[in-house]
Amino acid sequence: MELQAYVRGNSSWQKSNIRTWLNADTEIVAYEGQAPVSSAMSELHNGYQNEPGFLYNFTEEETGMLVERECHTPGNALEDGDIITCDRVFLLSKEELAWFDEAGISKLSEPTAAALEQDKSQWYEVSVSEYGLTEYCWWLRTPVEGYSSKAYLVENGYGIENAEINSNLKKANVGLEGFGIRPALTIDLESYFEYQNR
Numbered sequence: 039m040e041l042q043a044y045v046r047g048n049s050s051w052q053k054s055n056i057r058t059w060l061n062a063d064t065e066i067v068a069y070e071g072q073a074p075v076s077s078a079m080s081e082l083h084n085g086y087q088n089e090p091g092f093l094y095n096f097t098e099e100e101t102g103m104l105v106e107r108e109c110h111t112p113g114n115a116l117e118d119g120d121i122i123t124c125d126r127v128f129l130l131s132k133e134e135l136a137w138f139d140e141a142g143i144s145k146l147s148e149p150t151a152a153a154l155e156q157d158k159s160q161w162y163e164v165s166v167s168e169y170g171l172t173e174y175c176w177w178l179r180t181p182v183e184g185y186s187s188k189a190y191l192v193e194n195g196y197g198i199e200n201a202e203i204n205s206n207l208k209k210a211n212v213g214l215e216g217f218g219i220r221p222a223l224t225i226d227l228e229s230y231f232e233y234q235n236r
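Residue numbering for the sequence shown follows the numbering used here, starting at 39 and increasing by one per position.
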């Protein structure tokens, strides 16, 4: 399992580079262990080690509205039980996908223009040209049971071979680049409305 995580990427949410990047508000992000360089990706594309943290361009008022959230995430095959982290920004878990259903919101999503401009994998272009799909897969933070390197993704609606039947989910090694993310955060509504009424 340790070799699997080393070669294919570690699916631990607690240790993930994407978690570090999402919660960073600095221009230079300090990563523990292997930084997300292109040479560490499955197809040697899409390294983001030089990208400013996700929160870097947030204003002081915007970051002041963020509520740190306790995230309960199953551990991967190298961890025991649930892992608890405190995050201002996070990826959804498998269980939290129910929020989309409760709100009547589609889980399918198209990438932003900025994401397409930065993506060097060409996977999305193939999805559009070969299958006519403009929606694309996006990562969850939940690791796949029995693996140290795989996590779940919400698929693009196409019947992919390794997708769970009727679940809209598929499994992939976390070192595989070219898939999207949909950052989630919790807002202090009182601060938000105060900010809006200024």
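For glycine and all other residues, C-beta sits at the position ideal for the given N, C-alpha and C.
Applying the criterion that 16 or more other CB atoms from any shown protein chain within 10 Å of the CB defines a buried residue, is residue i buried or exposed?
i: Arg236; result: exposed
i: Trp137; result: exposed
i: Thr172; result: exposed
Is any heavy atom of the ligand ATP found at a distance shorter than 7 Å from the C-beta of residue i?
i: Ser167; result: As presented, the structure is devoid of all ligands, the ligand ATP included, so that no description of it is given.
On a Cα-Cα basis, can you pick out the residue from the options that is closest to residue i?
i: Tyr86; options: Leu116, Asp157, Gly170; result: Asp157
i: Gly216; options: Tyr230, Tyr174, Leu223; result: Tyr174
i: Leu60; options: Ala210, Pro149, Leu129; result: Leu129
i: Pro181; options: Ala141, Asn206, Lys132; result: Lys132
i: Met39; options: Glu183, Leu227, Asp139; result: Glu183
i: Ala245; options: Tyr185, Tyr190, Val75; result: Here the chain comprises residues numbered 39 to 236, so residue 245 is not present and cannot be evaluated.
Since I believe residue j is in contact with residue i (beta carbons under 8 Å), could you give me their beta-carbon distance rounded to a whole number of angstroms?
i: Ser54; j: Gly113; result: Going by Cβ atoms, the distance from Ser54 to Gly113 rounds to 12 Å, so no, they are not a contact pair.
i: Gly47; j: Val212; result: 4 Å
i: Asp125; j: Arg220; result: Asp125 to Arg220, Cβ: 14 Å. No contact.
i: Ser187; j: His83; result: No, Ser187 and His83 are not in contact; Cβ-Cβ is about 18 Å, not under 8 Å.
i: Leu191; j: Trp177; result: 5 Å
Just how far apart, CA to CA, sit residue i and residue j?
i: Thr64; j: Tyr169; result: 39 Å
i: Glu108; j: Ile225; result: 14 Å
i: Leu223; j: Phe92; result: 12 Å
i: Ile121; j: Arg179; result: 11 Å
i: Ala210; j: Leu104; result: 30 Å
i: Ala78; j: Gln42; result: 13 Å
i: Thr123; j: Gly195; result: 31 Å
Can you pull the DSSP bridge partners for residue i?
i: Cys175; result: Paired residue(s): none; Cys175 is not in a bridge.
i: Tyr190; result: Lys209
i: Thr224; result: Val105
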